[in-house]
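>
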Amino acid sequence: MTLAPETTDLKVQLALDGDWFTVCDLSTLLPGRGVAALLPDGRQAAIFRDRSGELFAIDNRDPFTGAAVLSRGLTGTHQGRPFVASPLLKQRFDLASGQCLDDETVQVAVYKVRTA
Amino acid sequence: MTATPGANPTIVLVGHGMVGQRFLEALAERSLTATHRVVVLCEEPRPAYDRVQLTSYFSGKTPEDLSMTDMAFIEDHGIELRVGDPAVTIDREARKVTAKSGEVFDYDVLVLATGSYPFVPPVPNKDAEGCFVYRTIEDLLAIEEYAKTKATTGAVVGGGLLGLEAAGALKGLGVDAHIVEFAPRLMPVQVDEGGGAALLRTIEDMGLSVHTGVGTQEIVVGEDGAVTGMKLSDGSELATDMVVFSAGVRPRDQLARDCGLTVGERGGITVDEQCRTVSDPHVFAIGECALAADGRVYGLVAPGYEQAETAAATIAADEAAFTGADLSTKLKLLGVDVASFGDAHGTAEDCLDVVYSDSRAGLYKKLVIGRDGTLLGGILVGDAEAYGTLKAFTGSVPPVSPESLVLPAGAGAPAQLGPTALPDEAIICSCNNVTKGTIRGAVTEHQCTTVPEVKKCTKAGTTCGSCVKVLGQLVNAELEASGVEVDKGLCGCFAQTREELYEIVLALRINTYQELLDRHGREGARGGDGCEICKPAVGSIIASLAPTIGASGYVLDGEQAALQDTNDHFLANLQKNGSYSVVPRIPGGEIAPEKLIVIGEIARDFGLYTKITGGQRIDMFGARVEQLPLIWARLVDAGFESGHAYGKALRTVKSCVGQTWCRYGVQDSVRMAIDLELRYRGLRSPHKLKSAVSGCQRECAEAQSKDFGVIATANGWNLYVGGNGGATPRHADLLAQDLSDAELVRLIDRFLMFYIRTADRLERTSTWLERIPGGLDHVRDVVVHDSLGICDELEKLMADHVAHYRDEWSETINDPEKLARFVSFVNAPDTPDPVVAFVPERDQMKPDLPLLSIGMRPADVLEGSAQR
Ligand code: SRM
Ligand SMILES: Cc1cc2nc3c(=O)[nH]c(=O)nc-3n(C[C@H](O)[C@H](O)[C@H](O)COP(=O)(O)OP(=O)(O)OC[C@H]3O[C@@H](n4cnc5c(N)ncnc54)[C@H](O)[C@@H]3O)c2cc1C
Ligand code: SF4
Ligand code: FES
Numbered sequence: 001m002t003l004a005p006e007t008t009d010l011k012v013q014l015a016l017d018g019d020w021f022t023v024c025d026l027s028t029l030l031p032g033r034g035v036a037a038l039l040p041d042g043r044q045a046a047i048f049r050d051r052s053g054e055l056f057a058i059d060n061r062d063p064f065t066g067a068a069v070l071s072r073g074l075t076g077t078h079q080g081r082p083f084v085a086s087p088l089l090k091q092r093f094d095l096a097s098g099q100c101l102d103d104e105t106v107q108v109a110v111y112k113v114r115t116a
Numbered sequence: 001m002t003a004t005p006g007a008n009p010t011i012v013l014v015g016h017g018m019v020g021q022r023f024l025e026a027l028a029e030r031s032l033t034a035t036h037r038v039v040v041l042c043e044e045p046r047p048a049y050d051r052v053q054l055t056s057y058f059s060g061k062t063p064e065d066l067s068m069t070d071m072a073f074i075e076d077h078g079i080e081l082r083v084g085d086p087a088v089t090i091d092r093e094a095r096k097v098t099a100k101s102g103e104v105f106d107y108d109v110l111v112l113a114t115g116s117y118p119f120v121p122p123v124p125n126k127d128a129e130g131c132f133v134y135r136t137i138e139d140l141l142a143i144e145e146y147a148k149t150k151a152t153t154g155a156v157v158g159g160g161l162l163g164l165e166a167a168g169a170l171k172g173l174g175v176d177a178h179i180v181e182f183a184p185r186l187m188p189v190q191v192d193e194g195g196g197a198a199l200l201r202t203i204e205d206m207g208l209s210v211h212t213g214v215g216t217q218e219i220v221v222g223e224d225g226a227v228t229g230m231k232l233s234d235g236s237e238l239a240t241d242m243v244v245f246s247a248g249v250r251p252r253d254q255l256a257r258d259c260g261l262t263v264g265e266r267g268g269i270t271v272d273e274q275c276r277t278v279s280d281p282h283v284f285a286i287g288e289c290a291l292a293a294d295g296r297v298y299g300l301v302a303p304g305y306e307q308a309e310t311a312a313a314t315i316a317a318d319e320a321a322f323t324g325a326d327l328s329t330k331l332k333l334l335g336v337d338v339a340s341f342g343d344a345h346g347t348a349e350d351c352l353d354v355v356y357s358d359s360r361a362g363l364y365k366k367l368v369i370g371r372d373g374t375l376l377g378g379i380l381v382g383d384a385e386a387y388g389t390l391k392a393f394t395g396s397v398p399p400v401s402p403e404s405l406v407l408p409a410g411a412g413a414p415a416q417l418g419p420t421a422l423p424d425e426a427i428i429c430s431c432n433n434v435t436k437g438t439i440r441g442a443v444t445e446h447q448c449t450t451v452p453e454v455k456k457c458t459k460a461g462t463t464c465g466s467c468v469k470v471l472g473q474l475v476n477a478e479l480e481a482s483g484v485e486v487d488k489g490l491c492g493c494f495a496q497t498r499e500e501l502y503e504i505v506l507a508l509r510i511n512t513y514q515e516l517l518d519r520h521g522r523e524g525a526r527g528g529d530g531c532e533i534c535k536p537a538v539g540s541i542i543a544s545l546a547p548t549i550g551a552s553g554y555v556l557d558g559e560q561a562a563l564q565d566t567n568d569h570f571l572a573n574l575q576k577n578g579s580y581s582v583v584p585r586i587p588g589g590e591i592a593p594e595k596l597i598v599i600g601e602i603a604r605d606f607g608l609y610t611k612i613t614g615g616q617r618i619d620m621f622g623a624r625v626e627q628l629p630l631i632w633a634r635l636v637d638a639g640f641e642s643g644h645a646y647g648k649a650l651r652t653v654k655s656c657v658g659q660t661w662c663r664y665g666v667q668d669s670v671r672m673a674i675d676l677e678l679r680y681r682g683l684r685s686p687h688k689l690k691s692a693v694s695g696c697q698r699e700c701a702e703a704q705s706k707d708f709g710v711i712a713t714a715n716g717w718n719l720y721v722g723g724n725g726g727a728t729p730r731h732a733d734l735l736a737q738d739l740s741d742a743e744l745v746r747l748i749d750r751f752l753m754f755y756i757r758t759a760d761r762l763e764r765t766s767t768w769l770e771r772i773p774g775g776l777d778h779v780r781d782v783v784v785h786d787s788l789g790i791c792d793e794l795e796k797l798m799a800d801h802v803a804h805y806r807d808e809w810s811e812t813i814n815d816p817e818k819l820a821r822f823v824s825f826v827n828a829p830d831t832p833d834p835v836v837a838f839v840p841e842r843d844q845m846k847p848d849l850p851l852l853s854i855g856m857r858p859a860d861v862l863e864g865s866a867q868r
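First to last, the protein sequences are chains E and B.
Heads up: the first sequence at position 116 corresponds to 116 in my numbering, and the numbers run straight through without jumps.
Heads up: the second sequence at position 744 corresponds to 744 in my numbering, and the numbers run straight through without jumps.
#1: How about B/V109 and B/I11: do their beta carbons lie closer than 7 angstroms?
#2: Does the CB of B/G558 have a neighbour CB from chain E at under 7 angstroms?
#3: Return yes when the C-beta of B/E103 is under 6 angstroms from any heavy atom of ligand 2, and no when it is not.
#4: In chain B, what lies closer than 7 angstroms to E/R114 by C-beta?
#5: Is any heavy atom in ligand 2 found nearer than 6 angstroms to the beta carbon of B/M753?
#6: If you draw a straight line from the alpha carbon of B/T314 to that of B/P281, how long is it in whole angstroms?
#7: Which ranges would you report for the alpha helix (DSSP H) in the region 552-632 of chain B if only whole runs of at least 4 residues count?
#8: Using DSSP with H/G/I as helix, E/B as strand and the rest coil, what is B/R730?
#9: Would you mind working out which of B/Q190, B/V243, B/I90, B/E93 sits nearest B/P124, comparing C-alpha positions?
#10: Cβ closer than 7 angstroms: which chain B residues qualify as neighbours of E/R33?
#11: Compute the Euclidean distance between the alpha carbons of B/A938 and B/V338, then round it to the nearest angstrom.
#12: Starting from B/V451, follow the alpha helix (DSSP H) in both directions and report where the run begins and ends.
#13: With a threshold of 7 angstroms between beta-carbons, can B/T831 be considered close to chain E, or not?
#14: Show which residues of chain E have a CB atom less than 9 angstroms away from the CB atom of B/A72.
#15: Ends of the alpha helix (DSSP H) at B/N476?
#16: For B/C457, which residues in chain E fall below 9 angstroms Cβ to Cβ?
#17: Classify B/A537 as helix, strand or coil using the three-state DSSP reduction.
#18: Checking the sheet assignment: what are the DSSP bridge partners for B/T228?
#19: Check whether the Cβ atoms of B/A633 and B/Y580 sit closer than 7 angstroms, and answer yes or no.
#20: Any heavy atom of ligand 2 closer than 6 angstroms to the Cβ of B/V157?
#21: Beta strand (DSSP E) containing B/A803: first to last residue?
#22: Is B/A321 near ligand 2, with its Cβ less than 6 angstroms from a heavy atom?
#23: Contact between the region 14-24 of chain B and the region 37-52 of chain B is defined here as three or more beta-carbon pairs at a separation below 8 angstroms; is this criterion met?
#24: Please state whether DSSP places B/V301 in a helix, a strand or coil.
#25: Measure the C-alpha to C-alpha separation of B/V779 and B/V406 and round it to an integer number of angstroms.
#26: Give the residues of chain B in contact with E/V69, contact being defined as C-beta atoms less than 8 angstroms apart.
#27: Whole alpha helix (DSSP H) runs in the region 136-195 of chain B with 4 or more residues, listed along the chain?
#28: Between E/A68 and B/G578, is the Cβ-Cβ spacing less than 7 angstroms?
#29: Mind checking whether B/A169 and B/F58 have CB atoms under 7 angstroms apart?
#30: Can you give me the Cβ contacts of B/M206 inside the same chain, cut-off strictly under 8 angstroms, excluding the 5 residues immediately before and after it?
#31: So is B/A113 buried or exposed if we call it buried at 16+ other beta carbons inside 10 Å?
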């Protein structure tokens, strides 16, 4: 007989207007890869988990192309800071601050994220 | 109405072309935009764009790509840019300019940068429907529209630099193109008779028809008033559906004439060395509309830029003067190498020529040398490799003998003229007037370590691009010289090259990226998350060695999934709006009607855009992430598999119809192409791999442009390697002749595995072959004569690959855990991404681009460079 799987899997939540919005189970996040989430106001967030288990969330829209694809980029570490590279034209964005590392005038929104 | 002048003095710029834009940048650099009101009157319907690269519109650049105007720059500097509102009159007495809109602007300084207009010879019917000029984006759009809908033949009047570009463009549009040149040779201004002959040969080989020594007398029109032909001065008539005039340009100085500014006898607004008009200290003229103090009107962008800087400096009360400029040019027409520089025609007293000419090969090279050995100028036709270096040496005595500079490689020892031999004053980038000294300074003083950084810092290489190669050599040489060890490492995470990492993975049987990073990465990178460069590169190494090192051969398994570029991660190609394209394998391009019908049905059912690709198969575009598995399921069901259009892997093996049907064929090229495609499918490599098989030497499959190409002979097969289409085409080299089927396959096995083992990341076989020491001879020694004794291992590695191949699409649709990743949103898996939307076009659909453009900004394609 197999045991019923843990139903108390941790949830990933984003801070939206003071509330915590549940996005998915922690286990759906593959280290080094992102997922996209649809927010109640129609915006999209890209959520990532790094190798050490830390979570990050930024706006999913790539400001250079307009496409909602940042969740599908490759992640990495640049001078100790986590980043994702847009899969379209390869600009990198700091996951913690949303700052574009290849153009100081560009930034994407970041969301607070936690597990609960 | 008069616009209220603010407290600040006003600068009005008339004309927002390339030079006008540079002038604005020069104003901003000198902070004049902060102390002045700046108004720009721009006649064209769009702000400044790159006219020099105009023709690249026909190779896929959009008007947006060509734009040189960053709207943020305009806004940040408070520049009032009035697009589509030209100046119509100038009142110098009252210092007012009236624009077409009726608005009047007071000025303290007026700068005219109105450029040129194309000269159209006064022949009858020159304005008929079907007659065009070649100057603006609007001209190109009109030419394109006409060529596509109304023309099969086109004639270009004028065989100069622009005429050839225009003719190349017509040909690119599928129009039969003729060039009519009054002078006895093409490009009469730049090249001499010998060069003209070589150029003629090359141009004719490209399929363009050239008529020299004849003038255009009349444009012939049909009953509907549209062009049907052209009467020439030798009495003949040329049938043509359209005419593009490219017979030179004239300065646009009418506005200046009308307000009484002095203009030259042959046109051009007369200015002094500060670019100030000789008639009025408040008015400047720069760029192609100006008659410079040296008595010339310059039709090139580089002198215009210098004039823009000079005028801005003068306005800022700095010292500057424009006294003349260099007229070097390199033709940008795809497929023709022509360059001329310095005193190309040898007009200096007592100068001597050194000429190498081989009209059979379309080669002609001439250097003009002064008595004391100074290089004065030259002409290169057919091979302009040395242009950048030679141009930079102009004006000095080169450190090697002149012969060695023009002899082709192989004929005598070619000179290894490194850019290090250049003097600091040598101009490397003539478009932007950047010297070697400035570039060195960028590296030594401004800590630039890469070409993009140096471009940004010095502007070198940002215009026509012809100097970028020398720029790269110079930056590396400088880094090495200044003791900065040129880091040959793959990226910021690994100090090893791709080849070294391959050896480590193979020897130590390392089968995870993390292990490689933590054990062999750079100190600071260990334990980290790597970067977007090494992850796919290592992912590819692990994939090509998978069976041998005990890794899963399935790229989405475990950790490997996180290493893949988005294309590999979704087993499809990402498109600009976030949707994907799907390309099933069609081995050798052979497909049965039933399968064609299936593709049609699937595309119809999912609403996909379909197109026959350049690789002899069918691409279906516009699939949303969540549709991919459903589409694959249908395809797999009908017997299709992934075509790996997304991977750095084998793409297609194209074939011609061959012996079976073709009266000339000597072998069954289709069967061989299918065999090869099925053998090497799924093979991950440093860059994509392409192949083709032709049934005879007529080469309908274009095998000689492939990484490995096969051409049938009466006795078997010839194998060619290292061919490339794309941006830098290269003809493949013959590796071995008259091979049997088995010999052919064995040789390709070895060749591919040797390439995968030793190439750099993103290095096609063509660049690899040219880079590795010993080149083709070395590769032949290794793979044909087994000089390193590794052929058994190479064959074994390939046998492993072939035995373990599995289709990635069917693996994925049969794996629920993997399938869960193919959703639009993790919290709303069935809600389509609202940004992915389509609008109809030509019976199908295309991405809804305006939807994307909200918040979009101009950007370059970056080739990521984490931590470097
Ligand atoms: C679909 C297709 C154009 C078409 O509509 O015909 C195409 C489309 C793309 N090509 Fe291509 N190439 C296609 C045939 C070619 C050919 C012709 C051929 O293969 O015979 C060439 C020249 C031959 C060659 O490669 O030597 C070609 C030279 C390139 C290059 C330049 C490579 C080079 O070495 O310079 C790139 C850029 C790159 O790979 O870095 C490129 C890249 C691309 C990419 C992947 C660009 C991208 O990253 O988005 C395009 C994506 C396709 C997609 O989304 O599905 N494509 N591309 C053709 C697909 C063939 C196929 O069935 O797989
Ligand atoms: C196809 C092509 C290829 C070329 N290739 C090269 C090359 O390889 N190398 C090179 O050095 N040069 C090349 N040139 C030439 C180069 O483009 C010009 O030297 C350069 O653009 C000159 O810049 P400009 O600002 O003086 O003129 P333009 O770029 O022509 O700009 C002048 C602008 O002023 C506007 N204007 C005119 N009158 C008015 C008015 N009354 N009010 C408001 N606006 C007005 C015009 O509409 C135009 O937009 C090429 C040109 C073409 C057409
Ligand atoms: S390459 Fe030769 S065999 Fe093949 S189609 Fe062309 S002419 Fe026929
Ligand atoms: S020479 Fe044209 S960009 Fe440098």
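Glycine included, each C-beta is placed from N, C-alpha and C at the ideal position.
As the structure is a prediction and not an experimental result, all values here were calculated from the model.
In terms of the structure at hand:
#1: yes
#2: no
#3: no
#4: Near E/R114 there are no residues of chain B at all, since even the closest Cβ is about 16 angstroms away, more than 7 angstroms.
#5: no
#6: 11 angstroms
#7: 566-570, 593-606
#8: strand
#9: B/V243
#10: A561, A562
#11: One cannot answer for residue 938 of chain B here, as it falls past the ends of chain B, which runs 1 to 868.
#12: 451-458
#13: yes
#14: T105
#15: 468-481
#16: Within 9 angstroms Cβ-Cβ: nothing; B/C457 doesn't reach chain E, min ~15 angstroms.
#17: helix
#18: DSSP lists no partner for B/T228.
#19: no
#20: no
#21: Not the beta strand (DSSP E): B/A803 falls in the alpha helix (DSSP H), residues 791-804.
#22: no
#23: yes
#24: helix
#25: 28 angstroms
#26: T566, L574, G578
#27: 137-149, 161-172
#28: yes
#29: yes
#30: G168, K171, G335, V336
#31: buried
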